[in-house]
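Colleague:
Protein chains: 6
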Amino acid sequence: MDHCSSLGKTALLIAMAEENETEDYVSSAREKGFEVVTGKVGSMDVQKVIAAVETAAKRASLIDNNYRSQHALYHAILDALQGLGRGPLQLGNVLRTVGLRFAVVKGPRTLEDLSDLWIAVSMYGMIGAPIKGHEHEVCGLGINHL
Amino acid sequence: MDHCSSLGKTALLIAMAEENETEDYVSSAREKGFEVVTGKVGSMDVQKVIAAVETAAKRASLIDNNYRSQHALYHAILDALQGLGRGPLQLGNVLRTVGLRFAVVKGPRTLEDLSDLWIAVSMYGMIGAPIKGHEHEVCGLGINHL
Amino acid sequence: MDHCSSLGKTALLIAMAEENETEDYVSSAREKGFEVVTGKVGSMDVQKVIAAVETAAKRASLIDNNYRSQHALYHAILDALQGLGRGPLQLGNVLRTVGLRFAVVKGPRTLEDLSDLWIAVSMYGMIGAPIKGHEHEVCGLGINHL
Amino acid sequence: MDHCSSLGKTALLIAMAEENETEDYVSSAREKGFEVVTGKVGSMDVQKVIAAVETAAKRASLIDNNYRSQHALYHAILDALQGLGRGPLQLGNVLRTVGLRFAVVKGPRTLEDLSDLWIAVSMYGMIGAPIKGHEHEVCGLGINHL
Amino acid sequence: MDHCSSLGKTALLIAMAEENETEDYVSSAREKGFEVVTGKVGSMDVQKVIAAVETAAKRASLIDNNYRSQHALYHAILDALQGLGRGPLQLGNVLRTVGLRFAVVKGPRTLEDLSDLWIAVSMYGMIGAPIKGHEHEVCGLGINHL
Amino acid sequence: MDHCSSLGKTALLIAMAEENETEDYVSSAREKGFEVVTGKVGSMDVQKVIAAVETAAKRASLIDNNYRSQHALYHAILDALQGLGRGPLQLGNVLRTVGLRFAVVKGPRTLEDLSDLWIAVSMYGMIGAPIKGHEHEVCGLGINHL
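Quick note, the sequences are listed as chains H, U, E, F, R and G, same order. Quick note: the first sequence uses this note's numbering, first residue 623, plus one each step. Quick note: the second sequence uses this note's numbering, first residue 623, plus one each step. Quick note: the third sequence uses this note's numbering, first residue 623, plus one each step. Quick note: the fourth sequence uses this note's numbering, first residue 623, plus one each step. Quick note: the fifth sequence uses this note's numbering, first residue 623, plus one each step. Quick note: the sixth sequence uses this note's numbering, first residue 623, plus one each step.
1) By a C-beta neighbour count over all protein chains shown, 10 Å radius and 16 as the cutoff for buried, is Pro-752 (chain F) buried or exposed?
2) Kindly indicate which residue of F:Val-743, F:Arg-690 and F:Asn-766 has the alpha-carbon position closest to the one of Ala-637 (chain F).
3) With burial defined as no fewer than 16 other Cβ atoms inside 10 Å of the residue's Cβ, what is the status of His-625 (chain U): buried or exposed?
4) Between which two residues does the alpha helix (DSSP H) holding Lys-631 (chain R) run?
5) According to DSSP, is Leu-722 (chain U) part of a helix, a strand, or is it coil?
6) What does Glu-657 (chain H) pair with, by DSSP beta-bridge criteria?
7) For Ile-672 (chain F), which residues in chain H fall below 7 Å Cβ to Cβ?
8) Counting only C-beta atoms, is Ala-694 (chain R) closer than 8 Å to chain E at any point?
9) Got a sec: is the Cβ-Cβ distance from Gly-755 (chain H) to anything in chain F below 8 Å?
10) Report the neighbours of Ala-751 (chain H) on chain F: residues whose CB is nearer than 9 Å to its CB, in chain order.
11) Residues of chain F with CB under 9 Å from Asp-738 (chain U), in chain order?
12) Whose CA, out of E:His-697, E:Ile-749, E:His-756 and E:Lys-728, lies closest to the CA of Ser-627 (chain E)?
13) Tell me the rounded alpha-carbon separation between Val-675 (chain E) and Ala-651 (chain U).
14) Bridge partners for Ile-749 (chain E) per DSSP, in chain order?
15) At a CB-CB cut-off below 7 Å, which residues of chain E make contact with Val-648 (chain H)?
16) Pair every Cβ in the segment 710-717 of chain E with every Cβ in the segment 666-682 of chain E, then say whether three or more of these pairs are closer than 8 Å.
17) Less than 8 Å between the beta carbons of Gln-692 (chain G) and Arg-708 (chain E), yes or no?
18) Could I get the ranges of all uninterrupted alpha helix (DSSP H) runs contained in the segment 674-714 of chain E, with 4 residues as the minimum, in chain order?
19) Would Gln-712 (chain H) count as contacting chain F if we go by Cβ distances under 8 Å?
20) Closest by CA to Ile-765 (chain R), which one among F:Ile-685, F:Leu-706 and F:Ser-737?
21) Compile a chain-ordered list of the residues in the segment 756-767 of chain H whose CB is closer than 7 Å to at least one CB of chain G.
22) Closest by CA to Gly-702 (chain U), which one among U:Thr-644, U:Ile-741 and U:Ser-737?
23) Hey, how far is the Cα of Val-659 (chain H) from the Cα of Glu-734 (chain U)?
24) Quick one: residues in its chain with C-beta nearer than 8 Å to the C-beta of His-758 (chain H), no 5 flanking neighbours on either side, listed in chain order?
25) Closer than 7 Å between beta carbons: that is the criterion. Which residues of the segment 698-710 of chain F meet it against chain R?
26) Using CA coordinates, which residue listed in U:Val-720, U:Gly-755 and U:Asp-646 is at the minimum distance from Gly-762 (chain U)?
27) Is the CB of Val-743 (chain U) under 8 Å away from at least one CB in chain R?
28) Could you tell me whether the Cβ atoms of Arg-690 (chain E) and His-767 (chain R) are closer together than 8 Å?
29) Should Ile-672 (chain F) and Ala-679 (chain F) be called a contact, given that it needs their Cβ atoms to be closer than 8 Å?
30) Identify, in the order they occur along the chain, each residue of the same chain with its Cβ nearer than 7 Å to the Cβ of Arg-718 (chain U), setting aside the five sequence neighbours on each side.
31) Could you check which residue in R:Asn-688, R:Phe-724 and R:Ala-694 has the C-alpha nearest to that of Val-648 (chain R)?
32) Output, in chain order, the set of chain U residues within a Cβ distance shorter than 7 Å of Val-668 (chain G).
33) Nearest to Gly-655 (chain G) by CA position, among G:Ala-639, G:Glu-641, G:Leu-629 and G:Thr-677, is which residue?
34) What are the residues that DSSP puts in a beta bridge with Ser-744 (chain E)?
35) So Gly-630 (chain E) contacts chain G; which residues on that side make the cut at Cβ distance below 8 Å?
So, in structure tokens, the structure goes:
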């Protein structure tokens, strides 16, 4: 994590971090100048996943009340969800459920050009049938300009 | 990487590793019992990305000449490409190009149940316009049973 | 509107007309021989948008009880919804809502060939988060043979 | 049916069989070594169609409690549903309903190579508006390796 | 085939018929009043599959030079292709190829209501990698009003 | 056009304007403070449509060399193309061609809030088979934050 200087990889590594590493990863990213929020959500409803990420980002002030920044975040979320859904953007409707950690990271695409401002949404976790253990890993990344 | 015991995260971390870390990550995964191959591809043609991953996996004997294992790999690749394309599975056709590192990892979904056999395809890199620097990060993960 | 002689543009201009222009636009289209119905719908449910357009078209007798004409209308509606959804045909499921005016116009593709019979569905309005003002314009057009 | 030696066609012919032929078709397929289950489902909910097929296949022991076989079946079902949905994997959400017969067949892709093990899901029936008679035929086939 | 009275099933059974049965199936369908054409196509290009079906239907006069009937046929073909592609409407672009028999059948949805005129396109064959034997069965059905 | 104060409708009306009206519509929009460029493109290649719009917008300085503004434009174009494609983002690949007028408009979503900066891409024209007259109208609108 120490030498990671790009927005998307930072977001992915935080979402994929073990429980006890998360705080270190977030601190490391913040020290480099990235704004970061992370959270968890489990649901069969796509809209609940979207709402969980939006709420976390708003509370952490990564986006403001301006519609433009919320529009940027929303489409980054939809893009991340494409990696999860791999076709239909549906969960319970096609009888599957997810348990995810997500991260939202705001900053330049790379630390080499600090004038650039983007937002990344990463999701990592399990997708599967609503039966314990009947699931496999899944990952999504969405990046949008702010 | 040391404590990573799941198939998909192993694949993702290898594809996302810095150039000089890759060998260590691959060795670490192999010591745990995962079969691994990694490679690079840059193209505007989706079929070239698919072919690069298939060729690498065949050369490294992760899949054999049996159609069933190739069918498993093919659909894991298509799933990973959904995370890349986030909608249309098209690159040059919609005027964009990718530069990727990928990993194919074969093994159990988690080291806690060694009787289980799956295949994971991860891709990480840049997607963008065919103009230098006009690109952002992208990531895909596909997992299928063998 | 006066010199508009094509089915789709007629439908689009009516859906996009200001409140106080609508009646004039509809009259002008009818004088040229087009059958027209227009309406409004706001919803987070795609099926309510579909039902609103179908009900309006049935009440105005643009389609009859014959399944063939209803099949034509249904697929023109789905096509118009693609312009709205721009990917997933979902609204509330992906945490967004629409407020629309729509028009259904029946007639030849162009007034230059009156023997030809088609149906056009246009939709114009706002799509966005369920937060006041957090929305932007959206437009869809679907055309099918009768 | 007598000379049919392939997995997918066997599944399709059973799903398309007339009520009074079904038993003969199933028996004929079983004699050749295919494992078969068939059933009916009518719904506006995609997840109910998926659940009906999964339940039938589990009861008939075509798949076991192992997640790998259920993953194979699930994706064969999703593939069959693509032929039904022809775009969106949605039914009631886009105001349409289905009445289907389905078959799940397990065996080699063709009787000429008995060492090969796959699963086929076929669906045949009517799709349409929730109005009697306002519907047309629809068919889907999904095939996956086991 | 003898007791088959519906448009879609007629089209499916003809496309799925063994080589030596095809003529009988076509004759039987024609005697009942359906207009039928059948053909074969193998390609990695979706547009060649579309063109093969369109050309066959035009030569057999199932559709005339009128754009409306060609529009009906085109969308029935696209719908059948959805069952083949099961997601992306792509073949060579995603490194796969098809070998198909197809049928186009024109007539009422069912012989019980002869006043109704629709068109069905069925496709049945193999899809797979461009390697001999690395393929499985695939099926598509599209139905549209005329 | 005179009383049109919103970004998307301005873009749509310009793309839909008759040849001899276009200049007036563009001038009227510019007087209100919108930046506007318009053009024409006919092609079976989606990437040529994208390139035509991007080139026009760059030449007219609606976007600069900064990747962020080009990313905004690119996704507005893809969104507009969804209204055109109504499912697959393909033209020649599914044997169809388009002849379009397009407009790119930069400005606030509505003249009532001038601090807000967005970009709209509208497309209007004909889509159809590569046969003269075998085509119908089509429309797309994409809107993105800048």
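Beta carbons are placed, not taken as given, at the ideal position from N, Cα and C, and that holds for glycine.
Modeller: In this structure, then:
1) exposed
2) F:Val-743
3) exposed
4) 629-638
5) strand
6) H:Lys-728
7) Val-716 and Leu-717
8) yes
9) yes
10) Glu-676, Tyr-689, Gln-692, His-693 and Tyr-696
11) Asn-688, Tyr-689 and Arg-690
12) E:Lys-728
13) 57 Å
14) E:Val-720 and E:His-758
15) Under the 7 Å cutoff, chain E gives no residues; its nearest Cβ is about 26 Å from Val-648 (chain H).
16) yes
17) no
18) 689-707
19) yes
20) F:Leu-706
21) His-767
22) Checking the sequence shown, residue 702 (chain U) turns out to be Ala, not Gly. Looking at the Cα atoms, U:Ile-741 is the closest of the given residues.
23) 31 Å
24) Met-748, Ile-749 and Gly-750
25) Asp-701, Gln-704, Gly-705, Arg-708 and Gly-709
26) U:Val-720
27) no
28) yes
29) no
30) Ile-749, Gly-750 and Ala-751
31) R:Phe-724
32) Asn-715 and Val-716
33) G:Leu-629
34) E:Ala-725 and E:Leu-763
35) His-758, Glu-759, Val-760 and Cys-761
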